[in-house]
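What follows is a set of notes on a single structure, which appears directly below.
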Amino acid sequence: MIEERPLAAKAPQHAALTEREVQESRRKETILYLDGVSVSFDGFRAINNLSFLLGKGEMRAIIGPNGAGKTTMMDIVTGKTRPDEGEVFFNGTVDLTKHDEPAIATMGIGRKFQKPTVFEGHTVEDNLALALAGSRSILAAIFHRRDAEEEARIAEILDTIRLTHLRDASAANLSHGQKQWLEIGMLLAQDPKVLLVDEPVAGMTDAETEETARLLRDIARDHSVVVVEHDMGFVRDLGVKVTCLHEGSVLSEGSIDNVSSDPKVVEVYLGR
Ligand code: ADP
Ligand code: MG
1 MIEERPLAAK APQHAALTER EVQESRRKET ILYLDGVSVS FDGFRAINNL SFLLGKGEMR
61 AIIGPNGAGK TTMMDIVTGK TRPDEGEVFF NGTVDLTKHD EPAIATMGIG RKFQKPTVFE
121 GHTVEDNLAL ALAGSRSILA AIFHRRDAEE EARIAEILDT IRLTHLRDAS AANLSHGQKQ
181 WLEIGMLLAQ DPKVLLVDEP VAGMTDAETE ETARLLRDIA RDHSVVVVEH DMGFVRDLGV
241 KVTCLHEGSV LSEGSIDNVS SDPKVVEVYL GR
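Letter by letter, the sequence shown follows residues 1 to 272 of UniProt numbering.
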């Protein structure tokens, strides 16, 4: 006779498996997945048991006080900083903790730092050609005959970054905001799947700030994007889900209205 195990003994094992499967299928729908991530610098926990999920094709805004860990989170995703603990996955399956910075960039995670780093001595168009060429030498990138596909790509990016009318201008002569847009264009030239953008509108005029929200919304139509920014008017214009970080963890997450009226957020960030 076959001995039947009591149902009660089987149930928890089955439930545990299902929970893991649920977790895994949830992860597979993300482009970025951080879970239980911590990192300390000299004993100071800059990131503390952080969980952050970005859906494929999603744009997310990140806010939070200085020192909250926003830039460090980007450092972890891009492989600049290794987490002490936790899971970091790209595209649901790629374990980013097993790859270095150049490999992660090549996979399609593009990052824009706060300060624009365009080639000032070159035209707007040549800056994009350089970015498109990737590892080709500067002279080769500028003087090689571009094929129709490259021309079309450059035209498309110029249009996205609002610089078509300045394609022949020297990058040195662009405004601060336009340099930021050009650098975003140089990121786009590398065809990233995810763009990480750290404080893009700092130092921009109001008009440039408003245009940057539109520009990022355009980009978000076919990319996943993470935008760190303090400018709440700009964050509102992005019209996306907001995550507020504080002391290396998520303090509040949801719509801009819910997050900005969350008493915890008002206390540590907005109310000051
Ligand atoms: P945010 O971008 O939200 O302003 P950061 O991520 O830059 O905050 O910093 C979070 C905390 O971690 C800060 O206290 C900062 O001084 C510290 N920190 C960040 N990177 C390093 C590092 N490489 N070495 C030591 N401390 C660091
Ligand atoms: Mg920062």
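We put the beta carbon where it would ideally sit given N, CA and C, even for glycine.
- Gly79 and Leu245 do not touch by the CB rule: their CB atoms are close to 20 angstroms apart, not below 8 angstroms.
- Closest option to Glu120, judged by alpha-carbon separation, among Gly36, Ser170, Leu195 and Val240: Ser170.
- Look at Glu229: its beta carbon is at least 8 angstroms from all of the heavy atoms in ligand 2.
- At a threshold of 8 angstroms, Thr106 does not count as near ligand 2, since its beta carbon sits no closer than that to any of the ligand's heavy atoms.
- In terms of side-chain proximity, the C-beta atom of Phe89 is found no nearer than 8 angstroms to any non-hydrogen atom of ligand 1.
- For Arg214, the uninterrupted alpha helix (DSSP H) segment begins and ends at Asp206 to Ile219.
- DSSP places Glu101 inside the alpha helix (DSSP H), whose first and last residues are Glu101 to Met107.
- Under the DSSP definition of a beta bridge, Thr30 partners with Gly55.
- Around the C-beta of Lys112, 16 or more other C-beta atoms lie within 10 Å, and the residue is accordingly described as buried.
- In this structure, the C-beta of Lys112 stays at least 8 angstroms away from each heavy atom of ligand 2.
- Counting C-beta atoms within 10 angstroms of its own C-beta, Ser252 has 16 or more neighbours from the protein chains shown and is therefore classed as buried.
- By the Cβ test, the segment 59–73 is in contact with the segment 220–238, since at least three Cβ pairs between them sit closer than 8 angstroms.
- Look at Gly79: its beta carbon is at least 8 angstroms from all of the heavy atoms in ligand 1.
- Within the same chain, Arg45, Ile47, Asn48, Asn49, Leu50, Pro83, Asp84, Glu85, Gly86 and Gly248 come within 8 angstroms of Ser38 by CB-CB distance, once the 5 residues on both sides are set aside.
- Each of Thr97, Leu96 and Ala220 was checked against the Cα of Met59, and the nearest Cα belongs to Ala220.
- With fewer than 16 other CB atoms across the displayed protein chains lying within 10 angstroms of its CB, Pro263 is exposed.
- Annotation for Phe89: the continuous beta strand (DSSP E) segment containing it runs Glu85 to Phe90.
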